[in-house]
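For this note's numbering, add 4 to where a residue sits in the sequence shown, where the first one is 1. Structure, as structure tokens:
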Amino acid sequence: MAVRTALERAGRTLLGLAVFAGAFVVWELWAGAEESFLVPRASEVLEQAWEIWPTRDFLTEVAGSLKRLAAGFAIGAAIGIAIGLVTGTSLALRRALDPLLELARATPPIAIVPALILTVGFGDSMRIAVIAFGVCFPVLVNTLEGVRAVSPEARDTASMLHVGRAERVFRIYLPAALPFIFAGLRIALSIGLVMVVISEFAGEGGGLGHYILDQQGQFAYPEMYAGILFLGLLGYGLNLLFRLFERRVLAWHYGAYR
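Written as structure tokens, this is what we have:
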């Protein structure tokens, strides 16, 4: 059984690599046929990536983006989990806050950038706030769903035993909501990376978004696409690491479905 599972995983990995390689071949052939300086060949982009990615300047841009992502993700996730747990365990509070939360959730994070620029300027505070805003709501909604999924029997038992509100949250609601929370966090991680790049388009301060826009402004299209390619690989790697972390933390949950 273990050998079969390993072979299936290896097969999926090889298939993914084959699709990835095929996409590059199509890109190379199409760009060669078009002969447009706006769309460089895949080989040119890979050549630039090989030269640029290990450089100190590029890695400094990457480090800046990752720091902003980490700060915004942590703040947004903490706010989303906290509000989700509090409102999820209080029907009256949920009804009172629901219109405001729905309005905020329906607001695209990028729409608040002008207001943030006016209040906090073009610095990292604005970028981190945009990231946190985008991260918060997937986590909040999933936390609410997780709390609502707690069985009536568990709620009734806690009431019969006179379990305090704080103890209910940390011993009943939070463990039950964890699978939902992690699903929200995984979605929020992708949104957070998008918000990092968009927020870095505004003003100075460096980062991958600023690097990509700067290369585009200088008509350095192979370098621009190399930055975009790195961004895609970074997102893939972060998602993979998060899934490994999730499976370790929720081993009890995944084990129940084997």
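Beta carbons are placed, not taken as given, at the ideal position from N, Cα and C, and that holds for glycine. None of these values were measured; they are calculated from a predicted model.
Tell me whether residue i is buried or exposed, calling it buried when 16 or more other Cβ atoms sit within 10 Å of its Cβ.
i: Gln222; result: exposed
i: Phe174; result: exposed
i: Leu144; result: buried
i: Phe137; result: buried
i: Ala67; result: exposed
i: Pro113; result: buried
i: Met164; result: exposed
i: Phe141; result: buried
Can you tell me which of the options puts its alpha carbon nearest to the alpha carbon of residue i?
i: Trp31; options: Tyr240, Pro44, Pro179; result: Pro44
i: Asn243; options: Phe234, Leu217, Gln219, Ser194; result: Ser194
i: Thr59; options: Met199, Glu227, Val200, Leu178; result: Glu227
i: Phe62; options: Leu245, Arg252, Gln219; result: Gln219
i: Phe41; options: Met130, Glu171, Tyr225, Ile216; result: Tyr225
i: Ala158; options: Thr93, Glu38, Pro113, Leu21; result: Thr93
i: Trp54; options: Tyr240, Tyr229, Leu254; result: Tyr229
i: Gly188; options: Ser47, Ile176, Val139, Ile216; result: Val139
Can you tell me whether DSSP reads residue i as helix, strand or coil?
i: Val43; result: coil
i: Phe246; result: helix
i: Trp57; result: coil
i: Phe234; result: helix
Taking only beta-carbon atoms, is residue i less than 7 Å away from chain B?
i: Ala96; result: Given the protein chain composition of this structure (a single chain), no chain B is represented.
So, under 8 Å CB-CB, residue i and residue j are touching, yes? Tell me the CB distance rounded to an integer number of Å.
i: Ile132; j: Ile87; result: The Cβ separation is near 18 Å, so there is no contact.
i: Phe205; j: Leu217; result: 5 Å
i: Ala181; j: Gly150; result: 3 Å
Just list the alpha helix (DSSP H) runs in the region 149-190, keeping only unbroken ones of 4 residues or longer that don't cross its boundaries, in chain order. Taking only runs of at least 4 residues, the alpha helix (DSSP H) segments lying wholly in the region 149-190 are 156-164, 169-172.
Counting only runs that start and end within the region 75-142, where is the beta strand (DSSP E) found for 3 or more residues in a row? Here no run is fully enclosed.
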